[in-house]
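To start, the structure itself, in structure tokens.
Number of protein chains: 2
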Amino acid sequence: MSQRTYNISELAGEFGVTTRTIRFYEEKGLIAPRREGRRRIYCPADRVRIKLILRGRRIGMTLQECVEVIDLYDPSTNNVQQLHSLLDRVNERRSKLLQQKTDIDDMLAGLAEVETLAKAALAGGAHRQ
Amino acid sequence: MSQRTYNISELAGEFGVTTRTIRFYEEKGLIAPRREGRRRIYCPADRVRIKLILRGRRIGMTLQECVEVIDLYDPSTNNVQQLHSLLDRVNERRSKLLQQKTDIDDMLAGLAEVETLAKAALAGGAHRQ
DNA sequence: GATAACGTTTACGTTAACGTCAACATCCGG
DNA sequence: CCGGATGTTGACGTTAACGTAAACGTTATC
């Protein structure tokens, strides 16, 4: 069951970013694909990391924050202290995300109002140019 | 019923930003407080605009996008063409917001898993330093 | 009337997240 | 063997969103 692999333009195409973006993430230490000669070869895990990074970016997280969140998913510790600190960071991140959800819902409510008013105007007294 | 007013440091304090940030928003044309001499005097409407800008920023919108959204709330047109274009922009913005909500929910689900695992580790086989 | 406390303008500095370009390597079909 | 297509490594450029600092005005207060 040899893992499927990807080259850089394949992933760039899939995610709608440039190859420069993917190389930049590597430059910043967010991913570390293996090499075949000089060429970068991405495994499924690399691909997932990129996906997670881009998800973070879509909600306005910095690359640094993206790493922090991804690192949460990858505990690799059994130490009591570290588990507690992990739980703390999970809670911090969660409260930020919940605030963002509230912001989004408020904004959606505003849009709904705008839509209602605009449709009413169209149905009622709107005039042509 | 004379409107309440605010000075710059008052608003900066309330919103947890610097006065520089507020002046910067003005520089970019996002707000336009009236003056009393050289001093900036903010009315409730100005305050609301700042609040909306900061809400946009929290979910990763650029200042430009913030203006676009705020402008949606302020139609001031009865032209059919423009009303249709308004509705289009509302829909575009909504779909971005919904994508963001999905991203946030996915991330929250991930955090919940991490939390469950960490708590299990603490309850079960975690060891002290 | 000196000195804080707050505000103003002007201007240069900074950081993040890439874009852009040059110069070169590799590979592949004709 | 050669010309694209694709990849690589520098290296410098760019934009957004402020930070920071200097130099000055206004007001309050001791």
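Those protein sequences? They're chains A and B, same order as listed. The working numbering puts the first residue of the first sequence at 1, with every later residue one more than the last. The working numbering puts the first residue of the second sequence at 130, with every later residue one more than the last. Yeah, the Cβ is synthetic: ideal placement off N, Cα and C, and Gly gets one too.
(1) Can you confirm whether the stretch 201–209 of chain B touches the stretch 35–44 of chain A when touching is taken to mean that 3 or more C-beta pairs between the two stretches lie within less than 8 Å?
(2) Taking only beta-carbon positions, decide if A:Lys51 is within less than 8 Å of chain B.
(3) What does the alpha-carbon distance come out to for the pair A:Asp105 and B:Asp234?
(4) Can you find a CB in chain A that lies within less than 8 Å of the CB of B:Gly189?
(5) Here's the rule I'm using: 16 or more other beta-carbon atoms within 10 Å means buried, otherwise exposed. How should B:Leu263 be labelled?
(6) Could you spell out where the beta strand (DSSP E) holding B:Ile170 opens and where it closes?
(7) Just tell me which of A:Ala123, A:Leu52 and A:Glu113 has its CA closest to the CA of A:Ile31.
(8) Is A:Tyr25 helix, strand or coil when you go by DSSP?
(9) Could you give the C-beta distance for B:Ile199 and B:Arg223, rounded to a whole number, given that I count them as a contact under 8 Å?
(10) Mapping DSSP to helix, strand and coil, what is A:Arg4?
(11) Which residues of chain B have a Cβ atom closer than 9 Å to the Cβ of A:Ile8, listed in chain order?
(12) If you drop the 5 nearest sequence neighbours on each side, which residues of the same chain put their C-beta closer than 6 Å to that of A:Ser2?
(13) Any C-beta of chain B sitting closer than 8 Å to the C-beta of A:Tyr25?
(14) Which ranges would you report for the beta strand (DSSP E) in the stretch 197–244 of chain B if only whole runs of at least 3 residues count?
(15) Between which two residues does the alpha helix (DSSP H) harbouring B:Ala161 extend?
(16) Got a sec? Which residues, its chain only, sit under 7 Å from B:Arg218 by beta carbon, not counting five neighbours each side?
(17) For A:Ile50, name the three-state secondary structure that DSSP assigns.
(18) Helix, strand or coil: which one does DSSP assign to B:Thr191?
(19) I'd like the list of long-range same chain contacts for A:His84, defined as Cβ closer than 8 Å, with 5 residues on each side in sequence excluded.
(20) Going by beta-carbon coordinates alone, are A:Arg57 and A:Cys43 separated by less than 8 Å?
On the basis of the coordinates in this document:
(1) no
(2) Indexing the first sequence from 1 puts residue 51 of chain A at position 51. Chain B contact via Cβ: absent.
(3) To locate residue 105 of chain A, count along the first sequence from 1; it is residue 105. To locate residue 234 of chain B, count along the second sequence from 1; it is residue 105. Spanning the two alpha carbons is a distance of roughly 13 Å.
(4) As a working mapping, residue 189 of chain B is identified with position 60 in the second sequence. By this cut-off, B:Gly189 is an interface position.
(5) No information on residue 263 of chain B is available, as it lies outside the stretch 130 to 258 that chain B covers here.
(6) Here residue 170 of chain B corresponds to residue number 41 of the second sequence, with the count starting at 1. Arg168 to Ile170 is the extent of the beta strand (DSSP E) around B:Ile170.
(7) One-based indexing of the first sequence puts residue 31 of chain A at position 31. Cα-wise, what sits closest to A:Ile31 is A:Leu52.
(8) Along the first sequence, one-based indexing puts residue 25 of chain A at 25. Helix.
(9) Indexing the second sequence from 1 puts residue 199 of chain B at position 70. Indexing the second sequence from 1 puts residue 223 of chain B at position 94. Incorrect: roughly 15 Å between the Cβ atoms, too far for contact.
(10) Residue numbering aside, residue 4 of chain A sits at position 4 when the first sequence is read from its first letter. Correct three-state label for A:Arg4: coil.
(11) Taking the first sequence and counting its residues from 1, the one referred to as residue 8 of chain A is at position 8. Per Cβ cutoff of 9 Å: no residues; A:Ile8 is ~24 Å from chain B at best.
(12) Position 2 of the first sequence holds residue 2 of chain A. Around A:Ser2: no qualifying Cβ.
(13) Looking up residue 25 of chain A in the first sequence gives position 25. Taking Cβ atoms only, chain B never reaches closer than 8 Å to A:Tyr25, which makes this a no.
(14) none
(15) In the second sequence, the residue the question calls residue 161 of chain B occupies position 32. B:Ala161 -> no alpha helix (DSSP H), and no H or E assigned at all.
(16) Position 89 of the second sequence, counted from the first residue, corresponds to residue 218 of chain B. Excluding residues within five positions, the ones whose Cβ falls inside 7 Å are Leu201.
(17) By one-based count along the first sequence, residue 50 of chain A stands at place 50. Looking at A:Ile50 - three-state DSSP - the assignment turns out to be helix.
(18) By 1-based counting over the second sequence, the position of residue 191 of chain B is 62. If DSSP states are grouped into helix, strand and coil, B:Thr191 belongs with coil.
(19) In the first sequence, the residue the question calls residue 84 of chain A occupies position 84. None.
(20) Stepping through the first sequence from its first residue, residue 57 of chain A is reached at position 57. Stepping through the first sequence from its first residue, residue 43 of chain A is reached at position 43. Cβ atoms of A:Arg57 and A:Cys43: not closer than 8 Å.
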